[in-house]
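Structure, as structure tokens:
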Amino acid sequence: MATRISRSASLPVADSGLAPVGTLPGVSAALAASLARLGLERVQDLWFHLPLRYEDKTQLTAIADLRVGERAQVEAVVEGSERGFRFRPQLKVAVGDDSGQTLLLRFFHFNRAQAEQLLPGTRLLCYGEVRHGAQGLEMVHPQYQRLSGSDAVAVDALLSPVYPTTEGLGQKRLAGVIGKALALLPAATQLELIPAELCAQHGLASLRDALLYVHRPPADAHLGQLTLGRHPAQQRLAFEELLSQHLSLKRMRAAVRVRHAPRLGKGELLRRRFLEELPFRLTAAQERVGREVAQDLAQEQPMLRLVQGDVGSGKTVVAALAALAAVESGYQVALMAPTELLAEQHLRNFRQWLNPLGIEVEWLAGKVTGKARQSALARVAGGASVVIGTHALMQEGVTFAKLGLVIVDEQHRFGVQQRLALRDKGLEGEQVPHQLVLTATPIPRTLAMSAYADLDVSSIDELPPGRTPVQTIAISNARRIDVIERIHAACGEGRQVYWVCTLIEESEQLRAQAAEVAHAELSAALQGFRIGLIHGRMKPKEKQSVMDAFKAGDLSVLVATTVIEVGVDVPNASLMVIENSERLGLAQLHQLRGRVGRGALASNCVLLYQPPLGQLARERLQVMRETNDGFAIAEKDLQLRGPGEVLGTRQTGQLTFRIADLARDAHLLPAVQQVGEIMLVEQLLQTDRLIERWIGGAARYAHA
Ligand code: ADP
Ligand code: MG
Numbered sequence: 164m165a166t167r168i169s170r171s172a173s174l175p176v177a178d179s180g181l182a183p184v185g186t187l188p189g190v191s192a193a194l195a196a197s198l199a200r201l202g203l204e205r206v207q208d209l210w211f212h213l214p215l216r217y218e219d220k221t222q223l224t225a226i227a228d229l230r231v232g233e234r235a236q237v238e239a240v241v242e243g244s245e246r247g248f249r250f251r252p253q254l255k256v257a258v259g260d261d262s263g264q265t266l267l268l269r270f271f272h273f274n275r276a277q278a279e280q281l282l283p284g285t286r287l288l289c290y291g292e293v294r295h296g297a298q299g300l301e302m303v304h305p306q307y308q309r310l311s312g313s314d315a316v317a318v319d320a321l322l323s324p325v326y327p328t329t330e331g332l333g334q335k336r337l338a339g340v341i342g343k344a345l346a347l348l349p350a351a352t353q354l355e356l357i358p359a360e361l362c363a364q365h366g367l368a369s370l371r372d373a374l375l376y377v378h379r380p381p382a383d384a385h386l387g388q389l390t391l392g393r394h395p396a397q398q399r400l401a402f403e404e405l406l407s408q409h410l411s412l413k414r415m416r417a418a419v420r421v422r423h424a425p426r427l428g429k430g431e432l433l434r435r436r437f438l439e440e441l442p443f444r445l446t447a448a449q450e451r452v453g454r455e456v457a458q459d460l461a462q463e464q465p466m467l468r469l470v471q472g473d474v475g476s477g478k479t480v481v482a483a484l485a486a487l488a489a490v491e492s493g494y495q496v497a498l499m500a501p502t503e504l505l506a507e508q509h510l511r512n513f514r515q516w517l518n519p520l521g522i523e524v525e526w527l528a529g530k531v532t533g534k535a536r537q538s539a540l541a542r543v544a545g546g547a548s549v550v551i552g553t554h555a556l557m558q559e560g561v562t563f564a565k566l567g568l569v570i571v572d573e574q575h576r577f578g579v580q581q582r583l584a585l586r587d588k589g590l591e592g593e594q595v596p597h598q599l600v601l602t603a604t605p606i607p608r609t610l611a612m613s614a615y616a617d618l619d620v621s622s623i624d625e626l627p628p629g630r631t632p633v634q635t636i637a638i639s640n641a642r643r644i645d646v647i648e649r650i651h652a653a654c655g656e657g658r659q660v661y662w663v664c665t666l667i668e669e670s671e672q673l674r675a676q677a678a679e680v681a682h683a684e685l686s687a688a689l690q691g692f693r694i695g696l697i698h699g700r701m702k703p704k705e706k707q708s709v710m711d712a713f714k715a716g717d718l719s720v721l722v723a724t725t726v727i728e729v730g731v732d733v734p735n736a737s738l739m740v741i742e743n744s745e746r747l748g749l750a751q752l753h754q755l756r757g758r759v760g761r762g763a764l765a766s767n768c769v770l771l772y773q774p775p776l777g778q779l780a781r782e783r784l785q786v787m788r789e790t791n792d793g794f795a796i797a798e799k800d801l802q803l804r805g806p807g808e809v810l811g812t813r814q815t816g817q818l819t820f821r822i823a824d825l826a827r828d829a830h831l832l833p834a835v836q837q838v839g840e841i842m843l844v845e846q847l848l849q850t851d852r853l854i855e856r857w858i859g860g861a862a863r864y865a866h867a
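For the working numbering, count along the sequence shown from 1 and bump the result up by 163.
This is how it looks when you write it as structure tokens:
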């Protein structure tokens, strides 16, 4: 363990990476402003702004060889074009090549000049994703350029990186600036912050080489590997990012631990009255975790505890017990949830539980505005006991009189920073509130140690009694009609059904549309039953009234987007259909399925899928059919994560890594921890610089 590290004597004198991006040649104030929107302020931020994916324009594919689902580059000649107005204006251009096949290019956004340029006989170089269309293969909105008469096609020599960008900043321009920044990369030894001995010991390649490779992979690079983030160069970067995250969390933990929190009593009086009113008995696991929390709260050291428990394991009650301890000791409690829907559900639970004990529960969400907001803020500042809300709790202008406990639900939806922001709303001076974090995604142990290195972990590893495991089957979409018939029968028996639309699209609008389509379909097929619809584009009030109607049993079927994924609790719903289930990861499927099987009724889950199933999708559905155990699923998820979760499709709001993926890169964690342990003790300066490099402003904030 005791690796000897030579104290690296001198740091690079002038660190070219710290210069503002504005110092790069050709970077105007406007461009610098665009870059700043991406969080790119210094030259080194550009070094570490990594591609989301790559496009291979180094080759041409014959139309006859195109494969659905793949991106390809095609050289072809326009055979004909047509403008139409089916649903919305569109331009269809048929192109053909020597292979004798035709490909359809489809545009929804185009101008007249563009349409007029695509005359029959025009030679084009197109790049796009190949799809199945009504008339054969097609590309929707391909990139294309016109080739003049006799030009030989010049294919690219390198794979083209596609960077995350922002409106008004095109890929070309962004790649250009990044290229200029890369020209300033210092020599390998100067760039390296992990001591050479440790690099050697853990087989870490040169950071400089790794960076250059991921920004400019050669034409023969393994695109599959790169797309999955498994190339050694990416793994080298992932290692360093995980290390910086780990170091930063350890630092934060140490910084919090030197501060004080109020010692809270056990809240025996309130606790007893609360438990008497509760219609059920706590499970042994709830009792145990409740005790662990109470012990923490009684300390002068701030609690930093994560409670993990499978969906439906009853984490809310444990949170309520902690809240009672704080309230009885005269302190305020803030409970933050990631979505309005979930926050409102907590509000109702807490009001139902705590109002009879004479405890007021305050509501503070983004949608609370004007006078209502002013008076809510005044009551919070005046000492309201329990305050529940969304991230609106962290906004400026929200001040607490005496905040003693912060509860954050469904932690993985919040970043570490957001958690810290709420904590900093805490007490005056040296005091900080205790912190309780609840997560419904069971976290394998290795991950827990890294992603939550600043937290202690308690597990509620037992479900309340009387639950019958959900029976799960997978059915091809070809048998959709059978499934709808089955729903019809279920509704006839008085059961309630969720129908979940899982279109993975960038925009909430498209997701909402898909749900509307399904709603229309089901309404037509299930006459005589009431079908509700809920999606993220609806107003909170509308969402709430739909949820209320479903909860009250007025609706037989609830068609929903994945807004219902987290926390929604309607015990009477006992059948769930998940459309396009092959596209979802295990964790998300498990979350969704957790919405049924909450009552005494035997529940079923139907995973509708669109064939043909890929290998991984098949395995995922298999796992879902075989087990209901969230911990087992989480472990399996870790093994399986792959092609589906390509770079760039990470769920927003998760711990945001630029390159690392906790599931994919979990195998790096033991080494990350070993290196971290040594660096924290022996390499203070390098540790600072590493955190600064990868986490930057966020880490600076954490010191505040
Ligand atoms: P989660 O851990 O997913 O947040 P909840 O706290 O929402 O779970 O609890 C799920 C459901 O189980 C709720 O309806 C809750 O009232 C009920 N519940 C919680 N604890 C128990 C228990 N010990 N016995 C019976 N039902 C319980
Ligand atoms: Mg919950």
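For glycine and all other residues, C-beta sits at the position ideal for the given N, C-alpha and C.
- Burial state of residue 513 is buried, judged by a 10 Å Cβ sphere holding 16 or more other Cβ atoms.
- By the Cβ criterion, the region 185–198 is in contact with the region 330–348, since at least three pairs of Cβ atoms, one from each stretch, lie closer than 8 Å.
- Closer than 7 Å to some heavy atom of the ligand ADP: that describes the Cβ of residue 449.
- Check the Cα spacing between residue 620 and each of 603, 736, 774: the tightest is with 603.
- Annotation for residue 675: 698, 700 place their beta carbon closer than 6 Å to its own, counting only its chain and skipping 5 residues before and after.
- Taking the C-beta atoms as reference points, residue 463 is found nearer than 8 Å to residue 424.
- The ligand ADP approaches residue 732 closely enough that one of its heavy atoms is under 7 Å from the residue's Cβ.
- Membership of residue 714 in the alpha helix (DSSP H) is indicated by the continuous run 703–714.
- The continuous alpha helix (DSSP H) containing residue 648 extends over residues 643–655.
- Shortest Cα-Cα distance from residue 616 to any of 295, 406, 196 involves 406.
- Around the beta-carbon of residue 448, 16 or more other beta-carbon atoms lie within 10 Å, marking it buried.
- Rounded to the nearest whole angstrom, the C-alpha separation of residue 445 and residue 723 is 32 Å.
- It is roughly 9 Å from the alpha-carbon of residue 505 to the alpha-carbon of residue 499.
- Counting every other CB atom within 10 Å of its CB across the protein chains shown gives residue 530 a total below 16, marking it as exposed.
- When C-alpha distances from residue 492 are compared across 480, 511, 457, the shortest belongs to 457.
- Within the same chain, and ignoring the five residues on either side of residue 625 in sequence, the residues whose Cβ sits closer than 6 Å to its Cβ are 446, 448.
- With a cutoff of 8 Å on beta-carbon distance, residue 309 and residue 287 are scored as near each other.
- Within its own chain, the residues whose Cβ lies closer than 6 Å to the Cβ of residue 236, once the five positions on either side in sequence are excluded, are 220, 223, 290, listed in chain order.
- 8 Å or more divides the Cβ of residue 768 from the Cβ of residue 646.
- Of the residues 690, 672, 685, 771, the one whose Cα lies closest to the Cα of residue 639 is 771.
- Checking the 7 Å criterion, the Cβ of residue 572 is within range of a heavy atom belonging to the ligand MG.
- For the options 850, 650, 630, 495, the alpha carbon positioned closest to that of residue 719 is the one of 650.
- Nearest neighbour of residue 389 by Cα position, chosen from 301, 218, 202, 460, turns out to be 218.
- Using a Cβ distance threshold of 8 Å, residue 213 and residue 325 do not count as a contacting pair.
- Taken atom to atom, the span from the alpha-carbon of residue 677 to that of residue 472 is near 32 Å.
- A distance criterion of 7 Å places the beta-carbon of residue 329 beyond contact range of the ligand MG, judged by its closest non-hydrogen atom.
- Taking the Cα positions, residue 496 is about 5 Å away from residue 568.
- Going by DSSP, residue 533 is part of the alpha helix (DSSP H) stretching over 533–544.
- The C-beta distance from residue 661 to residue 746 rounds to 17 Å, too long to fall under 8 Å, and the pair is not in contact.
- The three-state secondary structure of residue 767, taken from DSSP, is strand.
- Looking at 328, 528, 216, the one whose alpha-carbon comes closest to that of residue 397 is 216.
- In the structure shown, the three-state DSSP call for residue 519 is helix.
- Separation of residue 822 and residue 232 (C-alpha to C-alpha, rounded to the nearest whole angstrom) is 24 Å.
- Contact between residue 345 and residue 391 is ruled out by a C-beta separation of about 24 Å, above the 8 Å threshold.
- For residue 688, the CB stays at least 7 Å from every heavy atom of the ligand ADP.
- Distance from the Cα of residue 305 is smallest, within the candidate group 268, 332, 329, for 268.
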